[in-house]
Structures are given as structure tokens and as C-alpha cells.
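**Q** Below: one structure in C-alpha cells.
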DNA sequence: GAAAGAATTGTTACTCGGTTGCACTTTTGG
DNA sequence: CCAAAAGTGCAACCGAGTAACAATTCTTTC
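Residue numbers (my numbering), protein chains in the order written: chain A, 1 to 212; chain B, 213 to 424.
What follows is the structure, encoded as C-alpha cells:
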């Protein structure tokens, strides 16, 4: 019996956590320094002092070495909808949450000060295979959101698809503005405005915007 | 200076066309028979009587062997918007076009009788790497559509993203119904109804559908 | 605390997608 | 007919990912 409550983590379990962490850290450091596809998985494995097969026992693909942190965010939209206060619509909850994430400079919004995070985003948006993997994560997110939205399945699925897509585009737009060299403080107000625009569009539809 | 107009195909050019066709045909036949990832590019090259490097001179990646026909459809949404009759809104034009494609059992709608096309769709939707490639094609489509829509860039981009996404989901839903064994004639009316629902949603927004 | 048992790891070797360098053949243009 | 250009095949290579099996490390049980 060891001390305390935190459940006996078990030595083996702790070692696995450490290996996983070492792999992730080594990978991200190397990727940011040399670029995703100029670093081989063998390099990463060597840097973390494990063999290549072991690396793949922890991360099913090279892309996951870079993305697993994002992957852990999965189901966030669904959670926001599920945990919204009584009387608030899902859309309103999501809008508020996105604004909050914006103010927190959350990486998922595409806005971010830290040079490390910036470099990470640059890598993300300029590496096709990472983008592809991100899409797969997003589609899982979409499923969960559709479920959380409830209502008739076709409507919920369409709505979820639109919402997830819009989030992606908002983040992409923010990133684009940062890439052009503008400081975050300058872009933030526009990001809020874009988000409002996007949610207005989601809420009231495209109909007044593109007439004959 | 080459000879005049587009006329003289040139022997060399004709040979290239034939090689390209042979590769595509061999690839699709093999993929449909054995499954995309149980066929190696070496197999395809051998079946088309070319070497592996030559194959990659024609198709930049294995996925393109399966998808280049779809790729050729690119910019269709943008074209529909650009060529719409006077006084008709882009959304109305796209809606009408989608219904027409549905009646034509166009593969892009996910509906289709031909067993060959059905098998192709099954392969598409169950092979992650193909889906990923498809997403990349779609994002090009989205760009072109945004351009065709005109208006303020942020709005156009958001609208284009939503429209493209909705098309994908409609096609996916149709395919899902076919997979469950139902005949096309049975699914078609629902497909039209889903399309109308989706376009209504796009036009008038999500706002009445998910209240507090 | 030691032995039986399970889980994890390293090594080696392999498959497959994709690329490179170079020699060889074919088409083209004069 | 000849030379430049374009296209091809060959062989060797790189990197991602997997399989087999032996060696090691943790857990469990007595």
C-alpha cells in the first residue's frame, strides 16, 4: 500500500506515460525545428530513446505524434452544447464559447501569441498530411456534436457539419491574418467580428446575402 | 513554333493519352476487384505495362489513380453559380442543379444504380486515404465557389464552405441508405427531400431548429 | 522474497509508396 | 538523315509502417 488515494498508478503505467510524453516532446521539438517532413520517425524514436516499433505502439501514425494534443480536445463542441445553461440555445452557447476561446488566445481559434504555438500552426496549415489527419479528427467531432444537438438526425447532422466547418474556416482566417505579419492585438477585434458574422450567418441563413 | 491550332494531336501526345488511360483503367479494375489497399502500385504498373516511375509521372499519388475522374469534375459548383440565369440566386441555382444531378443518378450525389459505381463508392467511403484526398479536391472546389459567389470575402468564403460541406453530407447520407440495401428508386424521393431540407437550412438558417 | 505469468520492449527483416540518377529509345524538327 | 528533346525502363534508394521472435521488465501469487 502506497500512500494516498490517487489509486496505485502502478510503476508500469507510469513508465508508459513517461515514454509517451518523451516521444511527444521529442517529436514536437524536432518537427518545429526542422519541419514535419524533414524529420523521420526514426529520428524521433532515437531522440526519445526507443525503437521504431515501440514508437508506433504509442502513436499509430507519424501525424499523431504532432496532433495528439489537439486530438485530446475532441468532443469540445459537443460538451459545450450539452453543458449549456438552461434556456440558452446550442448556437448561442457555441458562439459565446468561441468568443471566450478567442479571448484566451486558444490555439484552436488560430489566434496565438506564443512563437511556439505560432510555429506549430504554420506547420499544421502547410503540411497536407497533417491537415488530412485533422479532418479525420474533425469528423469525429462532428458526429459527437450532432448527437449532442439532438432533434431529427438529418437536421442535426447537417447543422453539426456546418458548425464544425465554420469553426475551421474562422481559425484558418485568423491564422491567415497572423501569417501576413499583423500582431495578435490588432487581429483580435476582427476575429470577434468574423465570429459574430459567421454565427449570424449560421443562425439566419444565407438568404439575404446572395440575391439574383 | 508548332503547327497551328490545337489540331495535330501529335503522335507523342496520343501515346501519352493512351498510357494514361491504360493506367487508370487497370487501376480501377484492380481496385474494384481486390480493394484499394490490397493492390500495390507495382501491380497497377505491371497491368498497364509500364514501370513504376512512369506510373508516378502520370499520377502523383496512388489515390489519384482512383480519383482523377472525380477530380476532373472540379469547379462544378462555381460553374453553376456563374452560369445561372439572370435573376436567380446562387443558392437557388445550386439547389436546382443538385436536384437535377439526383435525377440523373450522378455519382457525385451518392446515388447510383450501376454496380460498378456502387462498388466505387463503397471503396471511396471506406478507404481513409481516398477520403482524405477527396477532401483536398473539395477545398479547391470551395475556393472556386467562393470566388464565383462574389461579395465580401469573409461571407463568400463561409458560404462556400457551408455549401460544399452540405453537398458532401447529402451524398454521404444517400450512400449510407444504399449501403443498407435499399433500392435506388426507394431512396430517390428521400434524397430530394433531404436536399430541400438542407437548402432550406442553408437559406434560412439554423435559428428555429435548436432552441433553448 | 522467489518463481510463474503477463506485458513491454528491441532487433531484424520485410512490404509498400514514392523518388532519384542514368542509360536507352522514341519522337520531333530541320 | 541527324541532333535535340521528350519519355521510358532499370536499379537502387528513402521513409512509413508491420511482423516475428527473443529478451527484458513488471506484476502476481505463494
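Even glycine gets a Cβ: it sits at the ideal position worked out from N, Cα and C.
How many angstroms separate the CA atom of residue 404 of chain B from the CA atom of residue 373 of chain B?
**A** 21 Å
**Q** Helix, strand or coil for residue 120 of chain A per DSSP?
**A** helix
**Q** Since residue 191 of chain A is in the alpha helix (DSSP H), which residue starts that stretch and which ends it?
**A** Secondary structure note for residue 191 of chain A: its alpha helix (DSSP H) is the uninterrupted segment 184-204.
**Q** Could you tell me the distance, in whole angstroms, from the CA atom of residue 304 of chain B to the CA atom of residue 53 of chain A?
**A** Cα atoms of residue 304 of chain B and residue 53 of chain A: separation of roughly 54 Å, rounded to the nearest angstrom.
**Q** Just to check my reading of the structure: residue 382 of chain B and residue 371 of chain B have Cβ atoms closer than 8 Å, yes? What is that Cβ distance to the nearest angstrom?
**A** About 16 Å separates the two Cβ atoms, so there is no contact after all.
**Q** Once DSSP output is grouped into helix, strand and coil, what is the label at residue 147 of chain A?
**A** Correct three-state label for residue 147 of chain A: helix.
**Q** By the 8 Å beta-carbon criterion, what residues does the region 309-342 of chain B contribute toward chain A?
**A** Residues 340.
**Q** Please determine, among A:163, A:88, A:44, the residue with the shortest C-alpha to C-alpha distance to residue 29 of chain A.
**A** Taking only the C-alpha atoms, the option nearest residue 29 of chain A is A:44.
**Q** Going by C-alpha to C-alpha distance, which of A:77, A:154, A:42 sits closest to residue 61 of chain A?
**A** A:42
**Q** Put residue 168 of chain A into one of helix, strand or coil per three-state DSSP.
**A** helix
**Q** Could you tell me whether the Cβ of residue 53 of chain A comes closer than 8 Å to any Cβ of chain B?
**A** no
**Q** So if I threshold CB-CB distances at 8 Å, which residues from the region 267-279 of chain B count as touching chain A?
**A** none
**Q** Return the first residue and the last residue of the alpha helix (DSSP H) that residue 68 of chain A is part of.
**A** 62-71 is the span of the alpha helix (DSSP H), which, as asked, contains residue 68 of chain A.
**Q** Here's the rule I'm using: 16 or more other beta-carbon atoms within 10 Å means buried, otherwise exposed. How should residue 104 of chain A be labelled?
**A** exposed
**Q** Would residue 32 of chain A and residue 120 of chain A be called neighbours here (beta carbons separated by less than 8 Å)?
**A** yes
**Q** At 9 Å on the CB atoms, spell out the chain B contacts of residue 161 of chain A, in chain order.
**A** 374, 377, 378, 380, 381
**Q** Have a look at residue 207 of chain A and residue 87 of chain A and give me their C-alpha separation to the nearest angstrom.
**A** 27 Å
**Q** Give me, in chain order, the residues of the same chain whose beta-carbon lies closer than 6 Å to that of residue 270 of chain B; leave out the 5 immediate sequence neighbours on both sides.
**A** 232, 235
**Q** Could you check if residue 90 of chain A is buried or exposed, using at least 16 other CB atoms within 10 Å of its CB as the buried criterion?
**A** Residue environment for residue 90 of chain A: buried (at least 16 other C-beta atoms within 10 angstroms of its C-beta).
**Q** Report the residues of the region 395-411 of chain B with a CB closer than 7 Å to any CB of chain A, ordered along the chain.
**A** Listed by position along the chain: 406, 409, 410.
**Q** Which stretch, first to last residue, makes up the alpha helix (DSSP H) that contains residue 209 of chain A?
**A** Annotation for residue 209 of chain A: no alpha helix (DSSP H) segment contains it, and DSSP assigns it neither H nor E.
**Q** Are residue 109 of chain A and residue 174 of chain A touching if we call contact CB-CB under 8 Å?
**A** Between residue 109 of chain A and residue 174 of chain A, the C-beta gap is smaller than 8 Å, which places the two residues in contact.
**Q** Tell me whether the beta-carbon of residue 309 of chain B lies closer than 8 Å to the beta-carbon of residue 292 of chain B.
**A** yes
**Q** Quick check on residue 177 of chain A: buried or exposed, where buried means 16 or more other Cβ atoms within 10 Å of its Cβ?
**A** buried
**Q** First and last residue of the alpha helix (DSSP H) that includes residue 255 of chain B?
**A** 253-259
**Q** Does any C-beta atom of chain A lie closer than 8 Å to the C-beta of residue 348 of chain B?
**A** yes
**Q** With a CB to CB cut of under 8 Å and the five nearest residues on each side skipped, what residues in its chain are close to residue 342 of chain B?
**A** The residues are 248, 275, 278, 279, 335, 336.
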